Amino acid sequence: MKVLSLVGARPQFIKEAVIHKEFERNGIKEILVHSGQHYDKNMSGIFFETLKIKVPDYYLNVGSGNHGEMTGKIMIEFEKVVIKEKPDVILVYGDTNTTLAGALVASKLKIPVAHIEAGIRQEPKDMPEEINRVLTDRISKYLFCPSELAVKNLKAEGITKGVYFVGDVMYDLYKIMEPKFNYDVFNDLKLKENEYIVMTLHRDFNVDNNEKLEKILQQVEKISKETTIVFTVHPRTKKRIKEFNLEKYLEKVIVLEPIDYLNLMGLVKRCWKIITDSGGLQKEAYFSKKQAIVIMPDTGWRELIELKWNKLANENNIYEKIFEDNNSDYPNNVYGNGEANKKIIKIILNNQELKF
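All the letters of the sequence shown, read from the start, carry residue numbers 10 to 365 under this note's numbering.
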């Protein structure tokens with residue numbers, strides 16, 4: 010049996026690390042293709058080094074670009090690989106342009122698509138990630154859902170065949186890596202446990218609008234006068250802050266370049282709360298039993314909002330949400346038991362329609 014996996018962004022690298030180990034245990038040949046969608050070393054290469062991810066068999070080197078340009082480039086180059094390798098199934102992860110490009114190529118070539126992290130839904134419906142995940146789910150044969158809510162989302166859209174609640178592979182990885190978390194950045198910054206906030210920000214609807222980004226940073230400035238904020242700045246956000254001349258709001262904020270997964274998790278593990286618009290970090294906060302203030306109109310991880318663990322915020326109420334009392338008990342086992350990878354491989358192996 011031959012499986013072809015396509016990755017291109019930070020969360021996909023991490024999911025791949027977990028899935029690959031299970032492929033190896035079961036003697037399944039996996040061909041790994043790296044689209045090159047994210048090329049920054051701290052957001053790409055460092056994960057291969059730290060997590061010992063399989064070295065890609067193919068590197069498409071698409072780099073950055075507009076959505077259509079990037080998706081098209083990936084499709085053109087990925088199709089060549091698929092035709093050459095003739096896999097039994099193609100795995101795509103999450104909700105990036107790489108995800109959609111891979112699913113489209115696979116479906117056109119009549120190769121079963123397995124979507125890891127299927128069934129996630131959120132507003133606004135026109136955000137790139139939502140478009141990517143909805144379309145990918147429509148053409149996938151195997152829909153591996155991280156939560157029971159994801160299964161319900163698909164059912165509401167009339168999708169029930171090939172849908173499986175397996176849990177979240179990100180939780181699998183978290184359990185594996187927790188003993189290895191790195192606290193060098195925590196120590197170098199001389200931070201105090203439970204007395205600082207970790208912040209990330211990268212969504213286009215938050216950072217590409219001058220007025221909105223300024224309001225967000227005004228809220229951040231207000232919070233920074235009362236507690237320490239460690240802000241790991243995404244390249245896109247860094248560019249916008251400079252372009253809009255908003256550096257003045259970060260004078261009391263500890264600003265860092267993107268850091269590797271183990272050090273980021275070390276910061277998260279010992280922080281008080283998180284401010285983010287990252288889908289992955291919302292869950293990693295939950296895994297660490299930390300609450301996240303999510304700067305989004307909606308989130309794919311609605312379970313955590315409904316359970317009153319995480320909170321949605323906008324550019325005008327981040328300060329209020331951070332210091333708002335929250336007496337909610339920690340909700341256990343929202344994303345399975347940490348063995349999603351084993352369930353995924355078992356389902357693929359047991360499917361009699363695949364040609365081994």
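Each residue gets a CB set at the ideal place from its N, CA and C atoms; glycine is no exception.
Keep in mind it's a predicted model, so treat the numbers as computed, not measured.
| Query | Result |
| --- | --- |
| For Glu260 and Asn359, the rounded distance between their alpha carbons | 57 Å |
| Contacts around Ala159, its chain only, beta-carbon distance under 7 Å, and the 5 residues preceding and following it disregarded | Ala127, Gly128, Ile129 |
| Counted within 10 angstroms of its Cβ, other Cβ atoms place Leu273 as buried (16 or more) or exposed | buried |
| Residues of its chain near Asn141, where Cβ-Cβ distance is below 6 Å and the 5 sequence neighbours each way are ignored | Asp104, Thr108, Leu109 |
| Residues of its chain near Tyr48, where Cβ-Cβ distance is below 7 Å and the 5 sequence neighbours each way are ignored | Confidence at Tyr48 is low in this model, with a pLDDT of 49, below 50, so the placement of that residue is unreliable and no value is reported for it. |
| Integer Cβ distance of Gly347 from Asp181, believed to fall under 8 Å | 5 Å |
| Three-state class that DSSP yields for His243 in the structure shown | coil |
| Val262 - DSSP class collapsed to helix/strand/coil | coil |
| Option nearest Met186 by Cα separation, candidates Tyr270, Ile125, Leu200, Ser337 | Tyr270 |
| Arg212 burial status per 10 Å Cβ neighbour count (16 or more: buried) | buried |
| 6 Å CB neighbourhood of Leu2 in its chain, flanking five on each side removed | Residue 2 lies beyond the residue range present for the chain, which begins at 10 and ends at 365; the question has no answer from this structure. |
| Cβ neighbour criterion (16 or more within 10 Å) applied to Gln361 | Residue confidence for Gln361 is low, a pLDDT of 44 falling below 50, so the modelled location carries little weight; the figure read from the coordinates is stated next. Gln361 is exposed by the Cβ-count criterion. |
| Rounded C-alpha distance that separates Tyr183 from Gly275 | 12 Å |
| 7 Å Cβ cutoff met for Glu86 and Leu113 | no |
| As assigned by DSSP and simplified to three states, the class of Lys170 | coil |
| Residues bridged to Ile154 (per DSSP) | The sequence shown places Cys at residue 154, not Ile. Answer is Phe174, bridged to Cys154. |
| Environment of Ala165 [buried if 16+ CB atoms lie within 10 Å] | exposed |
| Helix, strand or coil at Leu200 [DSSP, three-state] | coil |
| Between the CA atoms of Tyr344 and Leu313 - distance to the nearest angstrom | 10 Å |
| Start-to-end residues for the beta strand (DSSP E) that takes in Ile99 | 98–102 |
| Local Cβ density within 10 Å of Val64, reported as buried at 16 or more and exposed below that | exposed |
| Same chain only: Cβ atoms within 8 Å of Lys189, ignoring 5 sequence neighbours per side | Leu271 |
| Proximity of Tyr151 and Gly167 at Cβ, strictly below 7 Å | no |
| With 16 other Cβ atoms within 10 Å as the buried cut-off, status of Glu372 | As displayed, the chain neither begins before 10 nor continues past 365, which places residue 372 out of reach and without an answer. |
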